[in-house]
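According to our numbering, the sequence shown holds residues 156 to 276 in order.
Read the structure below first, then the notes.
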Amino acid sequence: TAARSGQLRALYHAADAREDGRRKLAQAWRVGSDREGSDLKGLALPVERTILSLALGRENVVHIALTDRHAAKRVSEALDRWLHFIGSESLSAPCGTAPQGASAPGSDPASPAVDVREEFE
Numbered sequence: 156t157a158a159r160s161g162q163l164r165a166l167y168h169a170a171d172a173r174e175d176g177r178r179k180l181a182q183a184w185r186v187g188s189d190r191e192g193s194d195l196k197g198l199a200l201p202v203e204r205t206i207l208s209l210a211l212g213r214e215n216v217v218h219i220a221l222t223d224r225h226a227a228k229r230v231s232e233a234l235d236r237w238l239h240f241i242g243s244e245s246l247s248a249p250c251g252t253a254p255q256g257a258s259a260p261g262s263d264p265a266s267p268a269v270d271v272r273e274e275f276e
């Protein structure tokens, strides 16, 4: 595999990925990159495999392994921005816990959901 041969540059896991799968891939990555004994394990994303699959246009995406250094850097930067945007509380919250938006129960379509006015100097 790419992990065992030292080609892996980034590793991501769906929130609902099984622990044994995460552990096996992380171990292969550590072995391949000569970092056994380190805490190198990849990043568990705050979204389940269904969301990852839809985002990537593939079926049953549980783990994402990137081998291209430049692609791994771009994805890492984009994910860092997104994770910062959604906030740390989203990292432990399950995806899709409550309906949101105009079609959510109790929403009033006549009033905006968010006040988007800002003050500028």
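Glycine is no exception: its CB is placed at the ideal position from the N, C-alpha and C atoms.
Here the structure is a predicted model, which is why all the values come from computation and not from measurement.
Report yes or no: do the region 173-191 and the region 157-165 share at least 3 C-beta pairs separated by less than 8 Å?
The region 173-191 is in contact with the region 157-165.
For Val217 and Ala169, believed in contact at Cβ under 8 Å, the rounded distance
Going by Cβ atoms, the distance from Ala169 to Val217 rounds to 5 Å, so yes, they are a contact pair.
Starting from Ala181, follow the alpha helix (DSSP H) in both directions and report where the run begins and ends.
First-last of the alpha helix (DSSP H) with Ala181: Glu174 to Gly187.
Which of helix, strand or coil DSSP assigns to Ala165
DSSP, reduced to helix, strand and coil, places Ala165 within a strand of the structure shown.
If you follow the alpha helix (DSSP H) that Leu238 is part of, which residue opens it and which one closes it?
Secondary structure note for Leu238: its alpha helix (DSSP H) is the uninterrupted segment Arg224 to Ile241.
Indicate the three-state DSSP secondary structure (helix, strand or coil) for Ala157 in the structure shown.
Coil at Ala157, not helix or strand.
The ligand GTP and Leu166: does any heavy atom of the ligand fall closer than 7 Å to the residue's C-beta?
Among the ligands in the structure shown, none appear at all, so the ligand GTP cannot be discussed.
Can you list, in chain order, the residues of its chain whose CB lies under 7 Å from that of Ala165, leaving out five sequence neighbours each side?
Cβ within range, chain order: Leu221, Ala227, Val230 and Ser231.
Since Ser188 and Leu198 are thought to touch, with beta carbons under 8 Å apart, how far apart are those beta carbons, to the nearest angstrom?
For a cut-off of 8 Å, the C-beta gap from Ser188 to Leu198 is around 16 Å, too long to register as a contact.
Per DSSP, what kind of secondary structure is Ala220 in: helix, strand or coil?
Three-state result, Ala220: strand.
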